[in-house]
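In the numbering used here, the protein residues as written are 705 to 1011. Using N, Cα and C, we set each Cβ at its ideal position, and we do this for glycine too.
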């Protein structure tokens, strides 16, 4: 997986229905070259599936990250128990028995019980809990959660999401046949969902299947410095090696950065390059493995709804 592959994956994370032509224009490659690269990523298990989901903005869900050092080594039993909980979305295991469990909650009222569930299941010592505010993908504009207006979805919208759920790149004519609508109707509804942040079109991405090193850098800012100003500077000067950033509404001085490097030496050099008067500490945790799970959001699209 090289820099171009990383950028292709990020583009697909933000919209997995991007055409090969659109992707090629972004990375300056031919359609055939893009197709070959994506096929190789699929065959290597780095891209597991192209999926569609109701947008977080539509369901008004709350994304939280419970993370910390665990007393137990992650095993299939723990993974299975975490994944069986309808709120668990992502599980990531890193060096030093560091675990990251991302949950999708219906409301803030579920936060305490879900945190206790994760702590008891994993043996996590003094877990940190972050309420996800923004996820930044390198060089890709992000929706502002403060400005997105909730979108009302109808039965046709839900039928389209169900059709694309496990195959987000499905042709519109196939979707139309499945749901019993015209291609024009499907296109109109899908365009509306995309343009109004009503649907999440993404991929199940497993970068740990590559031969490169994926690291989570916990960047703790000094209390007197502004996070937004730091992020602006950071995004301007860094390459795709720093390809994803998490920020939290309740942890304003913490930024968790995903970093892609080819060697430990490159990681060390990169971390040193990040050193800045605004930063209190930088703590690295190397990704070992990851799992994604279906949540109540996915189950809900198959439940009958009143007209």
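Figure out for me which residue from 833, 715, 884, 934 has the closest Cα to the Cα of residue 1037.
In the structure as shown, the chain begins at 705 and stops at 1011. Residue 1037 is therefore absent and cannot be evaluated.
Going straight from the alpha carbon of residue 829 to that of residue 956, what length do you get?
22 Å
CB residue 826 to CB residue 776, shorter than 8 Å?
yes
Does residue 965 pass the burial test, meaning 16 or more other C-beta atoms within 10 Å, or should it be called exposed?
buried
Under a Cβ-count criterion, where at least 16 other Cβ atoms within 10 Å of its own Cβ denotes burial, should residue 1007 be classed as buried or exposed?
exposed
What does DSSP give as the partner residue(s) for residue 772 in the beta ladder?
803
Segment contact flag, the stretch 779-786 with the stretch 979-986, C-beta cutoff 8 Å, min 3 pairs:
no
Residue 909 to residue 717, Cα distance in whole Å?
8 Å
Which of helix, strand or coil DSSP assigns to residue 918
strand
Output the distance between the C-alpha atoms of residue 915 and residue 705, rounded to the nearest integer angstrom.
7 Å
Residue from 999, 739, 713 whose Cα sits closest to the Cα of residue 842
713
N- and C-terminal bounds of the alpha helix (DSSP H) containing residue 726
724-731
Residue 752, DSSP secondary structure in three states:
strand
Could you spell out the range, first to last residue, of the alpha helix (DSSP H) harbouring residue 907?
Per DSSP, residue 907 belongs to no alpha helix (DSSP H); it is in the beta strand (DSSP E), 903-909.
Check whether the Cβ of residue 990 lies closer than 7 Å to any heavy atom of the ligand GTP, and answer yes or no.
Ligands are entirely absent from the displayed structure, and the ligand GTP is therefore not among its contents.
Mind checking which residues open and close the beta strand (DSSP E) that includes residue 996?
983-996
Evaluate the contact criterion for the stretch 795-811 versus the stretch 862-873: three or more CB pairs, one atom per stretch, below 8 Å.
no
Residue 978 (DSSP reduced to helix, strand or coil):
helix
Using only the alpha-carbon positions, how far apart do residue 855 and residue 947 sit?
29 Å
Considering Cα atoms alone, identify which of 773, 837, 709, 790 is closest to residue 761.
837
CB-CB under 8 Å to residue 728, same chain, minus the five flanking residues each way: which ones, in chain order?
734, 735, 737, 738
Spell out the partners DSSP gives residue 929 in its beta bridges.
Residue 929 is not bridged to any residue.
Reducing DSSP to helix, strand and coil, say where residue 1072 ends up.
Outside the shown range of the chain, which is 705 to 1011, sits residue 1072, and nothing can be said about it.
Anticipated Cβ contact below 8 Å, residue 759 with residue 903, distance rounded
6 Å
Would you report the Cα separation of residue 952 and residue 764, rounded to the nearest angstrom?
17 Å
Please list, in chain order, all residues of the same chain as residue 752 whose beta carbon is under 7 Å from its beta carbon, the five residues on each side excluded.
908, 910
Do you know how far the Cα of residue 797 is from the Cα of residue 867?
32 Å
Does the beta-carbon distance from residue 799 to residue 989 come in below 8 Å?
yes
Enumerate in chain order the residues of its own chain whose CB-to-CB distance from residue 900 is below 6 Å, with the five nearest sequence positions on each side excluded.
855
In whole angstroms, give me the CA-to-CA distance for residue 816 and residue 924.
24 Å
Would you kindly work out how many angstroms separate the C-alpha atoms of residue 1011 and residue 1005, rounded to a whole number?
Residue placement at residue 1011 is poorly supported in this model, since its pLDDT is 49, which falls under 50; the coordinates still yield a value, given next. Each residue's Cα considered, the two are about 14 Å apart.
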